[in-house]
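Reading the sequence shown from the start, the letters are residues 1 to 458 in UniProt numbering.
Idealized CB from N, CA, C, for every residue including glycine.
Owing to the predicted nature of the structure, the values given are computational and were not obtained by experimental measurement.
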Amino acid sequence: MSGRLRRTGTLVGEVFVNGQELHREQFQDCFSYVLQSDTLLSNLTVRETLNYTALLAIRRGSQGFFQNKVEAVMTELSLSHVADQLIGNYSFGGISHGERRRVSIAAQLLQDPKVMLFDEPTTGLDCMTANQIVVLLAELARRDRIVILTIHQPRSELFQLFDKIAILSCGELVFCGTPVEMLDFFSGCGYPCPEHSNPFDFYMDLTSVDTQSKEREIETYKRVQMIEFAYKESAMYHKTLEAIERTKHLKTLPKIPFKTRDSPGALSKLCVLLRRVMRNLLRNKLAVTMRLTQNLIMGLFVIFFLLRLGKDVLKGAIQDRVGLLYQFVGAMPYTGMLNAVTLFPVLRAVSDQESQDGLYHKWQMLLAYMLHVLPFSVFATLICCGVCYWTLALYPEAARFAYFSVALLAPHLIGEFLSLVLLGVIQNPNVVNSVVALLSIAGVLMGSGFVRTVTKAY
Numbered sequence: 001m002s003g004r005l006r007r008t009g010t011l012v013g014e015v016f017v018n019g020q021e022l023h024r025e026q027f028q029d030c031f032s033y034v035l036q037s038d039t040l041l042s043n044l045t046v047r048e049t050l051n052y053t054a055l056l057a058i059r060r061g062s063q064g065f066f067q068n069k070v071e072a073v074m075t076e077l078s079l080s081h082v083a084d085q086l087i088g089n090y091s092f093g094g095i096s097h098g099e100r101r102r103v104s105i106a107a108q109l110l111q112d113p114k115v116m117l118f119d120e121p122t123t124g125l126d127c128m129t130a131n132q133i134v135v136l137l138a139e140l141a142r143r144d145r146i147v148i149l150t151i152h153q154p155r156s157e158l159f160q161l162f163d164k165i166a167i168l169s170c171g172e173l174v175f176c177g178t179p180v181e182m183l184d185f186f187s188g189c190g191y192p193c194p195e196h197s198n199p200f201d202f203y204m205d206l207t208s209v210d211t212q213s214k215e216r217e218i219e220t221y222k223r224v225q226m227i228e229f230a231y232k233e234s235a236m237y238h239k240t241l242e243a244i245e246r247t248k249h250l251k252t253l254p255k256i257p258f259k260t261r262d263s264p265g266a267l268s269k270l271c272v273l274l275r276r277v278m279r280n281l282l283r284n285k286l287a288v289t290m291r292l293t294q295n296l297i298m299g300l301f302v303i304f305f306l307l308r309l310g311k312d313v314l315k316g317a318i319q320d321r322v323g324l325l326y327q328f329v330g331a332m333p334y335t336g337m338l339n340a341v342t343l344f345p346v347l348r349a350v351s352d353q354e355s356q357d358g359l360y361h362k363w364q365m366l367l368a369y370m371l372h373v374l375p376f377s378v379f380a381t382l383i384c385c386g387v388c389y390w391t392l393a394l395y396p397e398a399a400r401f402a403y404f405s406v407a408l409l410a411p412h413l414i415g416e417f418l419s420l421v422l423l424g425v426i427q428n429p430n431v432v433n434s435v436v437a438l439l440s441i442a443g444v445l446m447g448s449g450f451v452r453t454v455t456k457a458y
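Written as structure tokens, this is what we have:
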């Protein structure tokens, strides 16, 4: 229903909204989906995160319009007190896990959805925070929205917050109704909830199949089958079916509540993504420092072994210079590769989620990353070349220095862009690291002169 599955699969069943059938290609435009894991950029504040989401989702509006919309959503989700705090991650402090979950919900609310899907929203949260999230979702459901969520082991005091509860077992619907109907139905089946027990836990255990032994599996499966049969024979089930059929045949049906689809153009989205990527990176001081200095550090190692090159051709001056160029050109792809493998996976995870939300296409995030790479790569290469070229006493001419800089910049960019291509195909960064290293080694060997064509002697 969230539109996340690939279109190669077979969809069984029908989805109706307001009495009208919703086709598979429309799922993404109608439903908002919040994952159980929060995928956010750690170096942005809460306000910045939501501002960029609003700029990607909404076409028209002044700066004040976007600010007011973001402020309203933050107020609705009680995020105003942390609006200017960084999201954070495991390596440095930021907002709490519960507040990150609220930010993920707020990002979806900016698209003004009427139907929201949540995949275990309390996963990884402590009991108090989990209860606060469920209470928040109950409040959202009372504000002209439909909230559908899967949840495991909620506390008993949350039982009455749910308007309807559905229990699935072995791929079949075992029960669907209000909390009061749930208690009455299972009591009628001979399974009243014991006093001081959590109805959620009791009925989940009751409708689960125990596979610890063959006898228990058969016994519990028969019990589930009996409960399922009782539900589908109940007046409650038939009343639900009649209400669905009655809605389908209404003469005037309300429109399907699609999300806001008036999004900006491709160029505007690219500019927003580029600004977001740049701001997220510039706040990562370690990443900026390494990106600007790693080429220089590599060059200093070369200088250490070849402090100054001689000019005597008879003493190997040409061979020394060829070896020098070989070392520089051969090492540059690795620094670019390390940048991509270190920095891009986080952006890729965000891109995977937001592209599935329909905010933009994945190629736009990839292009934004490549554009942000260029100034850093050029500046880092010029720093390295400026120190190494003149220290090693190479030909003192500006044009030759420019050629040398371009010759080092090209393999550096090729290494990083090749890693980006592989990261788009392979999810594991460690595997990408190994593949790019092998490809770089193969390229170095081909250009080193050690691999030669051997002609057969006849």
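Taking C-beta atoms under 8 Å as the contact rule, K164 and T150 fail to qualify, at a distance of about 13 Å.
Per the DSSP secondary-structure output, M116 pairs in a beta bridge with S32, V147. Secondary structure note for E172: its beta strand (DSSP E) is the uninterrupted segment 172–177. With contacts defined as CB atoms closer than 7 Å, L274 and A380 fail to qualify as a contacting pair. Residue burial annotation: H249 is exposed, with fewer than 16 other C-beta atoms found within 10 angstroms of its C-beta.
Contact between the region 89–101 and the region 32–52 is present, with at least three C-beta pairs closer than 8 Å. Setting aside the 5 residues that flank it on each side, P154 is surrounded in the same chain by F200, each with a C-beta closer than 6 Å to its C-beta; the list follows chain order. H361 is not a Cβ neighbour of V277, given a cutoff of 7 Å. C-alpha of E172 to C-alpha of V431: approximately 40 Å in a straight line. Assignment of T75 by DSSP, reduced to helix, strand and coil, places it in the helix class.
Within the region 264–300, no complete beta strand (DSSP E) segment of 3 residues or longer occurs. Per DSSP, reduced to three states, the secondary structure at S234 is coil, with no helix or strand assignment.
Within the model, the alpha-carbon separation for Q26 versus S32 is close to 12 Å. The C-beta separation of C189 from A230 comes to about 5 Å, placing the pair in contact by the 8 Å criterion. Inclusion of I303 and T391 in the CB contact set at 7 Å is warranted, their separation being smaller than that value.
The C-beta of H81 has fewer than 16 other C-beta atoms within 10 Å across all chains shown, which makes the residue exposed.
Counting along the chain, the unbroken alpha helix (DSSP H) around S419 starts and ends at 398–425.
In the three-state reduction of the DSSP assignment, A442 falls in the helix class, which pools H, G and I. Positions of the beta strand (DSSP E) runs, each at least 3 residues long and wholly inside the region 307–364, cannot be given because no such run exists. T122 and Y334 have their C-alpha atoms spaced approximately 41 Å apart. Per DSSP, reduced to three states, the secondary structure at V209 is coil, with no helix or strand assignment.
Ranked by Cα distance from L325, the options M116, G358, F404 are led by F404. Taken through DSSP and simplified to helix, strand or coil, Q26 comes out as helix.
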